[in-house]
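Chemist: Before we start, here is the structure in question, set down as C-alpha cells.
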C-alpha cells in the first residue's frame with residue numbers, strides 16, 4: 001500500500017515541478033517586459049497565467065482524489081496537505097509575475113522603471129530567478145539541503161528591497177510620487193515572490209524527509 005501511495009504521490013510531485021518551471025518563466029518574461037517596456041510580452045504573461053491556474057487545479061484534484069480513495073493518515077496525509085500548500089504558493093508566485101506585467105501594461109509606452117531604479121530592479125529580477133532556479137532543482141531532486149539554503153539566499157532580495165526604499169526616500173529623489181509608487185509596488189512584488197520561494201523551501205524540507213517542518217515565512221495572502 002505504501003509503495004502504491006508513493007507512486008501516486010510522485011505524479012503530484014511531477015506536476016509541482018512543471019508548475020515551478022512555469023512560474024519561473026512567467027517572472028522571467030514579466031521582468032524582461034518591464035525593462036523593455038514590451039507590451040506584447042507583458043500581455044502574454046497575463047494570458048499564460050491561466051496555465052498555472054490549471055496546474056494548480058490539477059494538483060488539487062489529484063490530492064483530493066488520493067485522500068478520498070486512499071484515506072491516508074499520519075505522514076502520508078501531511079505530505080498531501082503540504083503538496084497543496086506548495087501549489088498554493090506557486091500559484092501566488094504566478095500572480096505576482098502578472099502584477100509585474102500589469103505595471104508594464106499600465107505605463108506603456110513609457111517605461112515603468114525609472115533610470116534611477118533600473119539597476120536595483122535588474123538585480124531583484126536576477127535574485128528572483130536564481131531563487132526560482134534553485135527551487136525547481138530542489139523540488140525535482142527532493143533535495144532538502146538545497147531547499148534549506150533558500151532561506152539565507154533570500155537575504156539578497158531583502159537587502160535590495162531595503163536599498164530600493166533608501167533611494168526613493170532620499171531628498172535627491174527626482175521622479176516624484178508616481179515613480180515612487182511604481183517603485184514601491186514593484187519592489188513589493190519581487191520581495192513577496194522571494195518570500196513564497198522560501199516558504200516552499202520549508203515545505204520541500206518536510207517532503208524530502210528533513211524532519212520537523214520549519215516555520216513558514218511571514219507572507220501576506
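Residue numbers (full-length UniProt numbering): 1 to 221. Every residue gets a Cβ at the ideal spot worked out from N, C-alpha and C, and that includes glycine.
Which of the three DSSP states, helix, strand or coil, is assigned to residue 113?
Modeler: Within the chain shown, numbered from 1, the residue matching residue 113 stands at position 113. Coil, per DSSP.
Chemist: According to the Cβ coordinates, are residue 100 and residue 24 closer than 8 Å?
Modeler: In the chain shown, counting from the first residue as 1, residue 100 sits at position 100. In the chain shown, counting from the first residue as 1, residue 24 sits at position 24. No, they are not a contact pair.
Chemist: Quick check: what's the CA-CA separation for residue 32 versus residue 116?
Modeler: As a first step, residue 32 is located in the chain shown; it is residue number 32 there, counting from the start. As a first step, residue 116 is located in the chain shown; it is residue number 116 there, counting from the start. Taking the straight line joining both Cα atoms gives about 18 Å.
Chemist: Could you name the residues of the same chain whose beta carbon sits closer than 7 Å to that of residue 55, not counting the 5 residues immediately before and after it, in chain order?
Modeler: Position 55 of the chain shown, counting from 1, holds the residue named residue 55. Hits under 7 Å: 15, 18, 19 and 22.
Chemist: Between which residues of its own chain and residue 39 is the CB-CB distance below 6 Å, once the five residues before and five after are set aside?
Modeler: Residue 39 sits at position 39 when you count from the first residue of the chain shown. Only 108 meet the Cβ criterion.
Chemist: Could you tell me the alpha carbon to alpha carbon distance between residue 4 and residue 36, rounded to whole angstroms?
Modeler: Mapped onto the chain shown, residue 4 falls at position 4. Mapped onto the chain shown, residue 36 falls at position 36. Computed Cα separation, rounded: 49 Å.
Chemist: Looking only at its own chain, which residues have a Cβ that is under 8 Å from the Cβ of residue 46, when we skip the five neighbours before and after it?
Modeler: Counting from 1 along the chain shown, the entry for residue 46 is found at position 46. Cβ within range, chain order: 98, 101, 102 and 105.
Chemist: Mapping DSSP to helix, strand and coil, what is residue 170?
Modeler: In the chain shown, residue 170 corresponds to position 170, counting from 1. Residue 170 falls in the coil class under three-state DSSP.
Chemist: Helix, strand or coil for residue 38? Go by DSSP, reduced to three states.
Modeler: Within the chain shown, the letter at position 38 stands for residue 38. DSSP places residue 38 in coil when its eight states are reduced to three.
Chemist: What's the gap between the Cα of residue 195 and the Cα of residue 143?
Modeler: As a first step, residue 195 must be located in the chain shown, where it is residue number 195. As a first step, residue 143 must be located in the chain shown, where it is residue number 143. Rounded to whole angstroms, residue 195 to residue 143 spans 19 Å at the Cα level.
Chemist: How should residue 201 be labelled, buried or exposed, when 16 other C-beta atoms within 10 angstroms of its C-beta is the threshold for buried?
Modeler: For the purposes of this step, residue 201 is identified with residue 201 of the chain shown, where counting begins at 1. Answer is buried; the Cβ neighbour count reaches 16.
Chemist: Based on Cα-Cα distance, which residue from 8, 207, 44 and 162 lies nearest to residue 121?
Modeler: As a first step, residue 121 must be located in the chain shown, where it is residue number 121. Ranking 8, 207, 44 and 162 by Cα distance to residue 121 puts 162 first.
Chemist: Leaving out the 5 sequence neighbours to the left and right, which residues in its chain are closer than 7 Å to residue 150 when beta-carbon positions are compared?
Modeler: Translated into positions along the chain shown, residue 150 becomes position 150. Excluding positions up to five away in sequence, the list reads 131, 134, 135, 197, 198 and 201.
Chemist: Put residue 161 into one of helix, strand or coil per three-state DSSP.
Modeler: Residue numbering aside, residue 161 sits at position 161 when the chain shown is read from its first letter. If DSSP states are grouped into helix, strand and coil, residue 161 belongs with the helices.
Chemist: Taking Cβ to Cβ, would you say residue 146 is nearer than 8 Å to residue 140?
Modeler: The residue you call residue 146 lines up with position 146 of the chain shown. The residue you call residue 140 lines up with position 140 of the chain shown. Against a cut-off of 8 Å, the Cβ pair of residue 140 and residue 146 comes out as no contact.
Chemist: When you compare each of 192, 205, 41 and 206 to residue 96 by their alpha carbons, which one comes out closest?
Modeler: Within the chain shown, residue 96 is the residue found at index 96, counting from 1. Among 192, 205, 41 and 206, the Cα nearest to that of residue 96 is on 192.
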